[in-house]
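In my numbering, the protein residues as written are 1105 to 2066.
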C-alpha cells in the first residue's frame, strides 16, 4: 500500500525486499523474484541493506526453488566480491556448505563432502562467535563417520549458541550410535526441554526407549513428536500402530519387576542433569535442521502407562517475578540455598517462555516438504540490516532485568522499529478537477498545480484503491449455494443473432450456449488435432505436466492431504509431438479398458463424476495409481497467414462473441494481446486442468469445446471473488500469482455459491466479467478461447478497478486501460451515462497526469521530444514497476536499448532526472480535441416511439469496419 499511495516512496527498495522475503517464506517464487528484481532496480541511498545482501537473498531464492546449480554459482560469485562483509561471508559459506552436503546433483559424494567441510570451516573462521556453522559442521562430520570431530564441533556450537535444541538432539544421536543410552537420554531430554515441539528429538527418544524394550515410554515419546511428524513418516505411523496394539494387551508393569536400563520419561524429565547441560539456556528459537521439523506442540500422549511430560507452553513472568529475578541476580553472591533455587526456577521459566515466544513467530517458517532448512536460515539477515545502519531511528526500549543483549533474540526478541518518514505531498493548495471541465481548463489548472501523483488515480481524485469484497449477506441456502448452470439452446441462425441471446449472457455470471455452432454451421473440424498437424506440425505448444486427479479433489504430492495448491511444470513441444502423445494416451486407455473387460468411454472417462472421498481405497491406492499427464496449452492462433481458414470460420459468430468487433472493447486496443484479442487453442487429455482464476482485467471470455470429449466447469459469481481470495490466503496461496484448485465444499461452507456443469462438444461457454472459474477435461478434446469486452458500464468499471488493484498487488495489467480508454473515446459514441462518466473520469485523470509529468520534467531541464505512435505499436510499461506508461515516456538518453520508466521510478533512479529524455506519444492539441469531443450521446428516438421515452442506455458503436 505504501508503494501504491506514494509512487516516489524513498524506501521503495526496502519495501520490495521485504515483500520478496514474505513471498519467499510463503513459497510464491514468481512474486518473490519480481520484487527482488524491483529492489535491485530501485535506488539504494536510503536502503537498510546493501546490494550484496540483496544478491545473497536472490541466490537463496534460487536454492529454495530447487535450482541448486544456479544457486551454487550465485553463492560462489558472491564469495569473489572484495567488499563482502565477514558476517555475510559466513552466511554465504554456511548456505553453500550445507547445499554441498545435501544436494546429490552438485557432484560426486566424496567431492561434495570435501567442499561442504571446506565451506563450513570458512564460515566458522568468518564468524567465530556464531554456533550455526559449527553445528552444521558437526552434522557433516557425523555423516562421514567422524564421530570425534563431530562431537567437538557440537560441543563448540553449544558453547557459542547455548540453548540450541537441534545441537542437543544431534549430540544425542552421536551418543546413541556409540551405544551410550544414558548420555543419549540426557541429551534428548535437554533438546525437548529447550523446545517441547522438537519432533526429531521426541522421535529419537522414542526409538531409544524402544531399543531398551520400554514400549510405553516409546509410545508416549512418539506421540509427543506431533501430528506433522506422524503424517510425514510412514515408518513412524507403523511403529505407533504396532505399539498401540501391543500395549492394549500388555500387562501393567510391576514396580518390583526387572530393573530397567533407563529411567522412565517422567523420571528422566525430573532427574537432575549435569551442570554443564543444565546451564545451557535458550536464547531464541533456531531454524530447524533438515528432517527435524519445528512442529507445534501437540497434546500429550494419553492411555495406559507413564504419561509423557506435559507440553503446555510456559507462561511468561509477571512484572513482580521479573523484579524479584532482577534483585536475586544483583545479590547472587549473598543468597541462601532457597533463594538460589528460586532464582534458578525463575531464570528457567523466563528462558523457556522466551523460546516459546520465538517459536510462535518462527513456526510458519519451518522446513518445507523437501526438508529444506535454508529458508529460515536466510531470513535472519533482516535483523542484521537494521542493526548495521546508523540513520535508522530506533524506538527506545527499556532494558530487561536480565540484561539480554539485543543480538541474542533473533526472532523472539524485540526488534528495532524503523521509523518511516511521512509520505511527501505537494505543498500547494490542490485545485478541484471535475469531468465538466474542458481540456483547456484542465491544462491551465495543471500549469498552476496538477496535484500530487497520489491524486491521479484513474478511478478519480480522492478514490482509494479498490479492496476485495467480503462474502455479501445474506447467508445463502444449500440450494442457492449449488445453483444450476444457466443453459440456453439455440435452434436457428435467427436465434443466434437475436439480441436476447446477448442479454441472456450478460445477465448471468457464467452461461452455456448449446447448439450455436450447429445452427451457424461452424466447421469445428478446422480446430481438430488432425487438421492442426496437417497445417503446421511444428507450431509451438506450451505443455503443463500435472497429476491426474478427479475433478472435485486435489491432493498434495504425497497423496495424503487435500490441498488447494495445484502444481504443474512448464515445458514446450510442437503440435506434431503433442498430437502423438494425445493419440497414444487414447490408445492406452482403450487397451486398459479392454484388459478390464469394460467398454471404453472416450468422452467422459473414469474421472467425470467420481467423488474424491469415495474413489479408490485411501491414500495408499491413490499413490500407487497416480499418473502424470501433459496438458497442451496456449497454442497461439493469432497469425492470419497461418490460420486464415480457422479465423475466417469464427467470423460466423454473432458480433458480441466475435474475436474482432466494433462492439468489443478489446478490438480498440490497436495492437495484439495474445490470448485476449487473439485466439488460443488448448489440446487436452482427461484430467488436464486450468486452475482457478479471473480473466485478465476482468474481461469476459468465450470458450468453445471442439470435442470429441467433455470438459467439466466450475464457476463463482464475481460478487463472491473476495471470499475465494480469503480462502486462498487461508491456504497460504497468492490469489493473483499462485496456482490453486478450490474445494467446492469448502467454498460453499464459506458461503460462496459454486456453479458446476459439463461442456459438451460444440458448446460455447460465456464467462461474464469477473467470474472466478476453473476447468478440467474429462475426455480427449481441444478447446478454443479468447476474451471480449462488451461496451457496458459494468465491464468497463470492473476492468478499471482490477487495473488499480493490480497496482496495489504489484501485478502487471496486460490490458493497457489508459491507452484503451483514449482509443474508445476516439472511436465510439456512448449513450450510457454511467459508462460515459467512468470513461470521462479516466480521461480527465490521465490528461492531468500527463500534464503534471511534463511540468515536472520540464522544471528539471529534461529535454522533451515528440515520438508519436506507429500503427500497431504495443503499449509501453515501466521496466521497473511494470505499470502502464502513457503519453510521457521517460528513457535514458544514452542507452543503446531504451527502457521506458514511469515518472516515479525515474525519480527514484535519479531525483533530478539527470540523463533522462522524455518522449511524447501524442500532440497535446489532439488529446484536447478527443477529450472535448467525448460527450454523452443522446440518439434520436425512433419515429414510431412516443417522444417521452428515454434514450436507450446501451452504447452505440460508430460504424467502423471490423
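Don't be surprised by glycine CBs; every beta carbon is placed ideally from N, CA and C.
Cβ pair residue i, residue j closer than 9 Å
i: residue 1631; j: residue 1949; result: no
i: residue 1164; j: residue 1146; result: no
i: residue 1554; j: residue 1819; result: no
i: residue 1219; j: residue 1201; result: yes
i: residue 1958; j: residue 2034; result: no
i: residue 1108; j: residue 1911; result: yes
i: residue 1749; j: residue 1683; result: no
i: residue 1313; j: residue 1322; result: yes
i: residue 1125; j: residue 1135; result: no
i: residue 1802; j: residue 1903; result: yes
i: residue 1760; j: residue 1648; result: no
i: residue 1804; j: residue 1871; result: yes
i: residue 1276; j: residue 1327; result: no
i: residue 1887; j: residue 1768; result: no
i: residue 1909; j: residue 1570; result: yes
i: residue 1655; j: residue 1861; result: no
Member of the options whose CA lies at the smallest distance from the CA of residue i
i: residue 1580; options: 1782, 1615, 1858; result: 1858
i: residue 1980; options: 1974, 1968, 1971, 1993; result: 1993
i: residue 1884; options: 1923, 1816, 1851, 1945; result: 1816
i: residue 1187; options: 1125, 1156, 1651, 1592; result: 1156
i: residue 1882; options: 1693, 1822, 2008; result: 1693
i: residue 1940; options: 1697, 2041, 1264; result: 2041
i: residue 1842; options: 1850, 2015, 1829, 1269; result: 1829
i: residue 1907; options: 1925, 1894, 1892, 1890; result: 1925
i: residue 1675; options: 1738, 1684, 1615; result: 1738
i: residue 2024; options: 1850, 1914, 2004; result: 2004
i: residue 2019; options: 1892, 1998, 1546, 1353; result: 1998
i: residue 1742; options: 1777, 1250, 1757, 1758; result: 1777
i: residue 1928; options: 1814, 1996, 1853, 1771; result: 1771
Counted within 10 angstroms of its Cβ, other Cβ atoms place residue i as buried (16 or more) or exposed
i: residue 1627; result: exposed
i: residue 1788; result: buried
i: residue 1431; result: exposed
i: residue 1281; result: exposed
i: residue 1629; result: exposed
i: residue 1574; result: exposed
i: residue 1691; result: exposed
i: residue 1731; result: exposed
i: residue 1139; result: buried
i: residue 1800; result: buried
i: residue 1160; result: buried
i: residue 1093; result: The chain is shown from 1105 up to 2066; residue 1093 falls before or after that span and cannot be answered.
i: residue 1847; result: buried
i: residue 2038; result: buried
i: residue 1970; result: exposed
Per DSSP, the bridge partner or partners of residue i
i: residue 1732; result: 1651
i: residue 1860; result: 1818
i: residue 1969; result: 2023
i: residue 1787; result: 1736, 1886
i: residue 1076; result: The requested residue 1076 does not occur in the structure, where the chain is confined to residues 1105 to 2066.
i: residue 1306; result: In the DSSP output, where bridge partners are listed per residue, residue 1306 has none listed.
i: residue 1894; result: 1768
Other residues of its chain near residue i: CB distance less than 7 Å, five sequence neighbours each side excluded
i: residue 1620; result: 1594, 1600, 1868
i: residue 1584; result: 1857
i: residue 1845; result: 1658, 1668, 1670, 1793, 1795, 1796, 1878
i: residue 1451; result: 1429
i: residue 1098; result: An answer regarding residue 1098 cannot be provided, because it is not within the stretch 1105 to 2066 covered by the chain.
i: residue 1591; result: 1616, 1618
Cutoff 6 Å; reference residue i; Cβ partners in own chain excluding five residues on either side
i: residue 1441; result: none
i: residue 1564; result: 1945
i: residue 2052; result: At residue 2052 the pLDDT is 43, less than 50, meaning the model places this residue with poor confidence and gives no usable figure here.
i: residue 1953; result: 1560
Nonlocal neighbours in the same chain, by C-beta distance under 8 Å from residue i, ignoring five residues either side
i: residue 2006; result: 1111, 1982, 1984, 1985, 1987, 1989, 1994
i: residue 1422; result: none
Cβ-heavy atom distance, residue i to the ligand FMN, below 8 Å
i: residue 1617; result: In the structure shown, the ligand FMN is absent, as is every other ligand, since no ligand is present at all.
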